[in-house]
Every structure is written in C-alpha cells, then in structure tokens.
Amino acid sequence: MSTAAPQKFEFQAEIKQLLDIVIHSLYTEKEIFVRELVSNASDALEKLRHTQLTEKEIFDDKADLEINVTTDDKAKTITIQDFGIGMTRAELVENLGTIAHSGSKQFLKALGEGGAKNANLIGQFGVGFYSAFMVAKSVKVYSHSWRAAEPGHVWTSDGSGSYEIEESDGQRRGSKVVIELKDDCGDYASDWKIKEILERYSAFVSFPINLNGKRVNTVQALWLRSKNEIKDEEYTEFYKFQSHAHDDPRLRLHFSADAPLSINALLFVPKENTEKLGFSRLEASVSLYCRKVLIDAKPKDLLPEWLRFLKGVVDSDDLPLNISRETMQDKALIAKLNTVITKRLIKFFDDEAKNRPEAYAEFYAEFGIFLKEGAAVDYPHKDSLVKLLRYESSLTEKGKTTSLADYVTRLGGEQKEIYYLVGPNRAAIENGPYLEGFKARNLEVLFCYEPVDEYVMNNVREFDGKKLIAADHADVKLSELPKPEGALSEDDTKKLTAFLKESLGERVAEVKASDRLVDSPALALNADKFMSPHMRRMMKAMSKDKGREESPLRVNLEINPRSAVMKRLFETHATSPERAKLVAEQILDNALISAGLLDDASAMVARLNKLLEII
Ligand code: ADP
Ligand code: MG
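Using my numbering, the letters of the sequence shown correspond one by one to residues 752 to 1366.
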C-alpha cells in the first residue's frame, strides 16, 4: 500500500523545451525510442553488475540480469523492463526531470546556436529517455532501487510540463517503463514490428532480451567474432548502438592481438568531427571490456587525448574484472593497452593513406586536426604521426596535398631544411612576398592554413633529419642567384639601405638587400627571431582580448635591388629627399601589409594622399 500521496513536479525549463521539440517534432525515425530505452535498460544492468562486485546487500538479489519487452496490441502499450540498478525517488527526479544527461544537453545547445529548425542536426543526437514521448500519450516508470531500504515508486508523465511521483509497492528490482502509445503509433504495440526493430541491434546488447516471453538475441559480442563473418550493416548498427550515434561510421578497425596483451578491439571514426562544428570538446568514449563485461564506458587513459574522436570497444582478457583506477598495477596495464592500440591505429591510418588515398584525404580534412595535435604533443608517437600529416605546397595544385615524406623525396641535394609558410589560404601565401625567393630557387614550401600549424611545426622541429623552418623566418639563408642586368650596384644599394634606415628610424631594426626577393620591392621580417608574423598576429589578438598594451613593432626590412621601385627611389633620394622619405615609409607599410603586420592604416592613407598630390 502506498503511504504517501502522489507528488507533482515541474520539469526543468530545458526539459520542457526538449519535450516540446521531441513531441511536435522533427523526428522522422520514431522507432529509435526502442533502442534508447533498451540501451538504458542495458546500462542499468551493467551498473548493477558493477554494484554486485562491491556491495553485499542487493535488493531482489535473485532477479536475472535480463530485459523483458512486452507488447499489448489491444491496450496499445509497450513495456520495457529491466532488473538493473533501479532508481530511488531522488534519482527519478534527478535523472528524468533535469538535464543531467550530456547528449540532451548538447542537443539543446546546438538548437540554441541557431539550429532550431534544422532537422539534420537533430539526427546527430540521441535524446535518450525523452524519445519515448515521440510515441507516447503517457509514460510510467516503475522503479525500485537496488538499495533494499528504499521503497518503490512510479513516475508518470504525459510529456507536457509536469510529472508525478508516487510510492508503489510490490516492485521488483530495476525499472519498468510502460508506454501508452499515441493513436497514430499503435504499430509499436505489435509483436512483429518490435521484433524487427530489436533484431537489428539486439545482438550488441550483452544481456538477454525477451520479447513477449521469447528470447530475441543470443548474447554475443560482435568484437569477439571473426571479421569475415560480419557484414558491413552489422558493424554500422553496432556503431550506432554502442556509441549512440546517428551517422554511419567513416572508418573502422577491427583487430585482435595476443602479445604482449590479449586484445580484441573494434574501433570507429565517425563521419563528422563535431568539435569542428563548434560543439563541446569530445570526451574519451572507447569503452573498456574484459571478456564481454563492461569495465568502464569512458576510460580516460585507455587512449591518448588526441584520439578522443574514436568510438568503439576494447576488450582485453588480461584485465582483472574488478579493475580499480587507483592501483599501480592497473595503471600499468592500461598504459600498456594504450601503447599497443595507439601504435596499431597509427599503422591503420598509415595503411589507409597508402591504400585509399582519397578516403584518407576526406578523413584528414575532417580529423586531421587531431593528428596534428598528436604530432605536437604526443612525443612517443611524434615521428609516426608526422608522417600522417598532409599539406598543400608550392608544388601541389590547389586542394591537393603532399606528405612530408614526399616533400623530402623531391629535395635537391643541398637542401637541408623543410620550408613552410603559415597564412590564411593559398592565395594569401602565393601573393605575399615571402614565397618568390623560394620559387626562384625551385625550393618547395609547404602551405599551412590552420592556426595550430605553427604550433605543430614548432613542436615537431624536424622530420627525417631535416629541420622545419618558416620561410618568413629572419634566419633563412638562401643561395645566390645570378644578378640580373640593371640591378643597383652594391655601392648604390648600400647608400639606399643607409638612407632607408635613417628615414624609417625606430620602425626598423635593420635594412638590408635581400636574396629572397624576385619581383616584390621589399619584405618585412619580424626582428624578433622567435616570432613569425603569423605568431605576432595571434599574440596581438590575445593581448587585445586581455586589454594589454602590445610592444611596439620593429621589423627587419629587406629590399630588392633589382626592383624598379628601388631603382627609382635611389634616384629620388638624392634629388628630392622629402619625397623619397614618403616613398620609403610607404614601401615599409606595403611590406607590413603583406606580412599582416600593419596595425593602423590611417597614417598610411594620409601619406598616400600626399604622394598622390605630388604626382
Ligand atoms: P543517458 O542514458 O544518455 O544518460 P537518458 O535520457 O537515456 O540519458 O537517461 C537519463 C538517465 O536516467 C540515465 O543516465 C539514468 O541515470 C536514468 N535511467 C534511464 N533509464 C533507466 C533505467 N532503465 N534504469 C535506471 N536508470 C535509468
Ligand atoms: Mg540513454
């Protein structure tokens, strides 16, 4: 007999919003509610199995670890019952009335960010338990916690603003979700329909599922089966089920190893990189199993951080079932697993790059950023990760990339360095003054378009014994080119650089003739050796954010004695020094613009107007 009257609760505002969308809705595949509820039942059983390892007293201890689904075609109901961990009153409120669940949170965040009516987006998230309201007039959740001292309860809601909780006697351990179907969803009360849905993925549920008293699945772990028996569709369904995903996987790696550890792993790369789409940072989500028993769904140290985009399962016979995250021995085991699996994955990516270059390029466009992160921070795997990086270069076509290894095969005999330039895009790099000196000498330059690239290059430092050097670095020494006819003589050049130094004063640290210019009159190099123009731009953005004063800019100006502009300036500087000074300032500003270093263009505009007047 119930002792307390039903208590009414309002859903948290976010849940109301979520329910509103789920119910009036954007969902086309309503049947996913079955998968969501079975997956919750399976999670609850998994949690119970863990609780059993440490707790002696478990309520209803004889209940089998299984899931029972029943349908009633007359009453138009479907019931999903598990004998899992169950929920107390407080847990019912917390878990089903507030937005604790991260998938739903992300879903709402995405909607908030302008996706409100974008049905595509919705497909990328599971809304978990609330998906029941796509098909339900009302949902009742009967639940009894594994804690014997707690009474049972029933939670009831029709998905509008509120729900009720009432004590309920005679409950078994676990939860029983009873759905009264909407009139147009009566199908989900038919045995055949649910059977068809369950059969599609129930093979991945590691507990028995019974439908109307009949067993639907033989419990078998997909990752332990042999590769050539498994169909692509099975893999895809498994991926969707196991990682709560709604896309198809982009890549998969199914492998086993015996030494140094016994491992069966089934790993997936999703279709899209949601971090890139602006969603929150991904969390490690490759689950760790020991002989089909889940040890940890989100083990932090199983894989390095940069592999956080992977989904799937790692199963190792060598783990103790009651593995704890504290003991040294367990840590060492996990570290060993980490090393073996990471190596295997890198080899897998490498094979993909060789055997299926187009698919690899697509993968790289989406997930390359993680490989770069790995190359920069994962020291033990640095060398093999650098091999996986791809860049456009001065020798590739737009949109085509090269590996560093291929770059090295094209090196001329004397070249001891690998050159790169960082810029927002190909056109910006090609039109800037830094590339021409390299082009004139047939030196290939890698083009880096992402802000992290500079960090990556600075951390990687060298590849195959060749130093990675920014082509706009002040230290780069280039070979002599034959002097073309009509260049300023060395003497005149000296006079001109002295004049420029004097005219430009504090704005330049040094002025000298350049060996890297072919067509452009001048270029600016940051006087600070350790800071490329690109890095300075980033620092500037950062100090602006923090409201700090930045240090005044001083650059090295390199001039091209072959350029018509310089020759003309040389003539003018003797005859009309005033005018020549204006031109000198303008040449410096032009160089700063090319380098992305001009802080304030207003002085330049005023000067340009003056120059135009003179003409
Ligand atoms: P998720 O499963 O991703 O956490 P859901 O919306 O599916 O999100 O479920 C929310 C929470 O409700 C779960 O995290 C769990 O704590 C609780 N829950 C749902 N179904 C059950 C169940 N059958 N048994 C015990 N707890 C459950
Ligand atoms: Mg769930």
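Just so it is clear, CB atoms sit at the ideal spot from N, CA and C, and this is done for glycine as well.
When you measure from the CB of residue i to every non-hydrogen atom of the ligand ADP, does any distance come out below 6 Å?
i     : result
A792  : yes
G835  : yes
G879  : yes
R1156 : The question names Arg, yet the displayed sequence has Ala at residue 1156. Answer for A1156: no, Cβ out of range of the ligand ADP.
N961  : no
A996  : no
N819  : no
M885  : no
N979  : no
N846  : yes
A1035 : no
M838  : yes
A814  : no
A972  : no
A940  : no
A841  : no
May I ask you to list the residues that DSSP assigns as paired with residue i?
i     : result
K965  : L962
N1307 : E1261 and L1276
Y1040 : L1045 and D1066
D823  : T828
K1218 : E1168 and E1213
G925  : H895
Y1142 : T1153
Any heavy atom of the ligand MG closer than 6 Å to the CB of residue i?
i     : result
G1188 : no
G925  : no
G903  : no
From the beta carbon of residue i, is the nearest beta carbon of chain D less than 7 Å away?
i     : result
A1104 : As a matter of chain content, chain D is missing from the structure shown, which is built from one protein chain.
Measuring CA to CA, which of the options is closest to residue i?
i     : options                       : result
G903  : E1364, S913, A792 and S919    : S919
R1003 : D1009, L1017 and H997         : L1017
V1044 : L816, E1336 and E1113         : L816
H1132 : I1097, S1145, P1071 and W897  : I1097
Y1206 : E806, L1172, K1245 and V1020  : L1172
D1081 : V773, G1029 and L1070         : L1070
L975  : A755, E950 and R1042          : R1042
C836  : R898, T805, L1058 and T828    : Checking the sequence, you will find Ile at residue 836 rather than Cys. With distances taken between Cα atoms, I836 lies closest to R898.
L1219 : A1178, C1199, I1169 and L1251 : I1169
A1035 : E985, A1104 and R1059         : R1059
F1100 : I1085, L1012, T1147 and S1135 : S1135
E1261 : D1270, K1245 and S1271        : K1245
D824  : D1047, L932 and S1067         : L932
Starting from residue i and walking both ways along the alpha helix (DSSP H), at which residues does that stretch end?
i     : result
R1003 : Where R1003 is concerned, there is no enclosing alpha helix (DSSP H), although the beta strand (DSSP E) it sits in stretches over L1002 to A1008.
F1198 : F1198 -> not in any alpha helix (DSSP H); beta strand (DSSP E) instead, spanning V1196 to C1199.
E761  : First-last for E761: Q758 to E761, but that is the beta strand (DSSP E), not the alpha helix (DSSP H).
K1123 : P1108 to V1128
K1252 : E1241 to L1255
H1324 : A1315 to T1326
S793  : I783 to T805
F1189 : E1187 to A1191
What is the rounded straight-line gap between the Cα of residue i and the Cα of residue j?
i     : j     : result
L1033 : L1053 : 15 Å
H1324 : G1150 : 45 Å
D938  : A1116 : 43 Å
E1187 : N1311 : 12 Å
E1197 : L1276 : It is Leu, not Glu, that sits at residue 1197 in the sequence shown. Computed Cα separation, rounded: 19 Å.
A1110 : Y990  : 19 Å
T821  : V928  : 10 Å
A1346 : K860  : 38 Å
L872  : S790  : Legend: pLDDT at L872 = 49, less than 50; position of this residue unreliable, value from coordinates given subsequently. Their Cα atoms are separated by approximately 22 Å.
V890  : S908  : 6 Å
S882  : A795  : 18 Å
I1365 : F1321 : 18 Å
L1363 : D1340 : 16 Å
H1005 : H801  : 27 Å
A870  : R1358 : Low local confidence applies: a pLDDT of 46 at A870 is under 50, so the model's placement there is unreliable, and no value is given.
A1083 : E950  : 39 Å
I774  : W906  : 19 Å
D1243 : A1315 : 14 Å
R1305 : E1056 : 39 Å
A764  : L1012 : 49 Å
P1328 : N1193 : 38 Å
L1095 : E984  : Per the sequence shown, residue 1095 should be read as Arg rather than Leu. Going from the Cα of R1095 to the Cα of E984 covers about 24 Å.
K1263 : L1274 : 10 Å
Taking the beta strand (DSSP E) that residue i belongs to, which residues open and close that run?
i     : result
Q832  : T828 to D833
F955  : Here F955 belongs to no beta strand (DSSP E), and DSSP marks it neither H nor E.
F1019 : I1014 to V1020
S911  : Neither: S911 is in no beta strand (DSSP E) and is coded neither H nor E.
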